[in-house]
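Accompanying notes for the structure given below.
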Amino acid sequence: MGLLFTMAGIYIHIPFCRQACNYCNFYFTTSPGNKDKFIEALLHEIELSKEYLEGKKIETLYFGGGTPSLLSSSELKSIVRKLESHYDLGGLKEFTLEANPDDLSAEKLKEFIELQSSGLNRFSIGVQSFFDEDLKYMNRAHNSAEALSSIKRMQDAGFENLTIDLIYGTPTMNDEHWHQNLETVFTLGIPHISSYALTVEPKTNLDRKIRKGENKAVSEEQAANQFNILMEEMRNAGYEQYEISNFAKPGKYAVHNSNYWSGKKYLGLGPSAHSYNKVARRWNVANNINYIQSIARGIIPAEEELLTKAQQINERIMTSLRTMWGLDLSNFDSQVSVWIKEDLKGIDPSHYYLNNDVLTLTNPGRLFADAIAASLFVTEEQFL
Ligand code: SF4
Numbered sequence: 000m001g002l003l004f005t006m007a008g009i010y011i012h013i014p015f016c017r018q019a020c021n022y023c024n025f026y027f028t029t030s031p032g033n034k035d036k037f038i039e040a041l042l043h044e045i046e047l048s049k050e051y052l053e054g055k056k057i058e059t060l061y062f063g064g065g066t067p068s069l070l071s072s073s074e075l076k077s078i079v080r081k082l083e084s085h086y087d088l089g090g091l092k093e094f095t096l097e098a099n100p101d102d103l104s105a106e107k108l109k110e111f112i113e114l115q116s117s118g119l120n121r122f123s124i125g126v127q128s129f130f131d132e133d134l135k136y137m138n139r140a141h142n143s144a145e146a147l148s149s150i151k152r153m154q155d156a157g158f159e160n161l162t163i164d165l166i167y168g169t170p171t172m173n174d175e176h177w178h179q180n181l182e183t184v185f186t187l188g189i190p191h192i193s194s195y196a197l198t199v200e201p202k203t204n205l206d207r208k209i210r211k212g213e214n215k216a217v218s219e220e221q222a223a224n225q226f227n228i229l230m231e232e233m234r235n236a237g238y239e240q241y242e243i244s245n246f247a248k249p250g251k252y253a254v255h256n257s258n259y260w261s262g263k264k265y266l267g268l269g270p271s272a273h274s275y276n277k278v279a280r281r282w283n284v285a286n287n288i289n290y291i292q293s294i295a296r297g298i299i300p301a302e303e304e305l306l307t308k309a310q311q312i313n314e315r316i317m318t319s320l321r322t323m324w325g326l327d328l329s330n331f332d333s334q335v336s337v338w339i340k341e342d343l344k345g346i347d348p349s350h351y352y353l354n355n356d357v358l359t360l361t362n363p364g365r366l367f368a369d370a371i372a373a374s375l376f377v378t379e380e381q382f383l
């Protein structure tokens, strides 16, 4: 048991992309000029952060971004080696690397095969769609043929533990194409997918283009309809919707992300990365130059927020309700559980189940997950 509590995850943010997808609001740059300095800073940050996680045993490692597949195997190895010098990666359950289809050449796959000895055992591929018109709308760097051939190449090389990202609600995508995208996933036998509605975040290129009338606007109704198609098709194909946006064949859940949702500790490294140690959240500056300069002075450029009791409970409500395991009210003080049950009276009963104190959402409820969670939130005043 003790061992279980000390296990934690590490997330590494690689802030470089080949091309800017127009909907993206993650932190990245398309100028690779600082890549060497960034790697140097990242190795130094591993050193500086070595006391953040109390335990040294790491259960999951996740390279996200940005586009981690832009790094060479020697760069990736140097990061893993540095981690190994401060943490125990011997019990690593999952080591995921995000990759874009345009990076997955035969050469690159050879490098990945070498990295398997360091524990690399899962890839998250940013496919988004198997149709060119959707990929063009999103300004992705790959086309549909590359999406397909890259997955086949991965599978032929023996990489079966794949997850792909798919986006629905794109104005260029009709329901028929959405069905076909899902059919392609089933035909390829991909064990896990993460799927999100296209959202237009303020200040993104997509936002600007829609405002100028250069791109068609996104329809909420289309997105809601395609979310329903997604839930139904995935269920019929034998996938479990274990989190609102995540679907897995039985047992193929993402360990790293599941640990976020169940409130385990994690350390985030690299610009814009977030960390959580059950007491506070901290997040690194989202700027490569500032990050590199600060780390060179021996200072992690991060802001930190101590979490109040109400914030900790609300995070648990928000993340648990999104999972198929739901929110176990018996884990809270009886008073908190009473407050939540009182708030439930204001929610449409067709949107949730409450069985043995475990609250889960129905399919219609999943469309309103965030709003339902927010209406159950406790307030600071309730604890005064
Ligand atoms: S590849 Fe990913 S991180 Fe990079 S711009 Fe596109 S969506 Fe954003």
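Per numbering that gives the first Met the number 0, the very first residue in the sequence shown carries number 0; after that it's consecutive. Idealized CB from N, CA, C, for every residue including glycine.
Around the CB of Q221, 16 or more other CB atoms lie within 10 Å, so the residue is classed as buried.
Taking a cut-off of 8 Å for Cβ pairs, the segment 257-277 and the segment 35-49 touch, as three or more such pairs fall below it. Along the segment 67-107, the alpha helix (DSSP H) occurs as fully enclosed runs of 4 or more residues at 72-85, listed in sequence order. The alpha carbon of S319 has as its nearest neighbour, out of N256, V337, P348 and N289, the alpha carbon of N256. Taking a cut-off of 8 Å on C-beta distances, the segment 345-359 touches the segment 319-329, as three or more cross pairs fall below it.
Judged by the Cβ position, N287 fails to qualify as a neighbour of the ligand SF4 at the 8 Å threshold, every heavy atom of the ligand being at least this far.
When rounded, the separation of the alpha-carbon atoms in G32 and V199 is 29 Å. Taking F246 as the centre and dropping the five residues before and after it, the same chain places the C-beta of I192, M233, Y238 and Q240 closer than 6 Å to its C-beta, in chain order. Distance from the CA atom of W177 to the CA atom of F129, rounded to whole angstroms, is 9 Å. Pairing S149 with D131 gives a Cβ-Cβ distance that is not under 9 Å. Per DSSP, reduced to three states, the secondary structure at V335 is helical.
If you check the CB distance, Y22 and P14 do not come in under 9 Å. Per DSSP, the unbroken alpha helix (DSSP H) holding Y290 starts and ends at N287 to A295. A distance below 8 Å between beta-carbons, with the five flanking residues on each side excluded, links K248 to the following residues of its chain, in chain order: P190, H191, G237, Y238 and E239. Around the C-beta of F158, 16 or more other C-beta atoms lie within 10 Å, and the residue is accordingly described as buried. From the listed residues A301, K277 and V278, the smallest Cα separation to N286 is found for A301. Look at A279: its beta carbon is at least 8 Å from all of the heavy atoms in the ligand SF4. Nearest neighbour of N214 by Cα position, chosen from K135, M323 and S336, turns out to be K135.
Exclusion of N276 from the 8 Å shell around the ligand SF4 follows from its C-beta lying no nearer than that to any non-hydrogen atom of the ligand.
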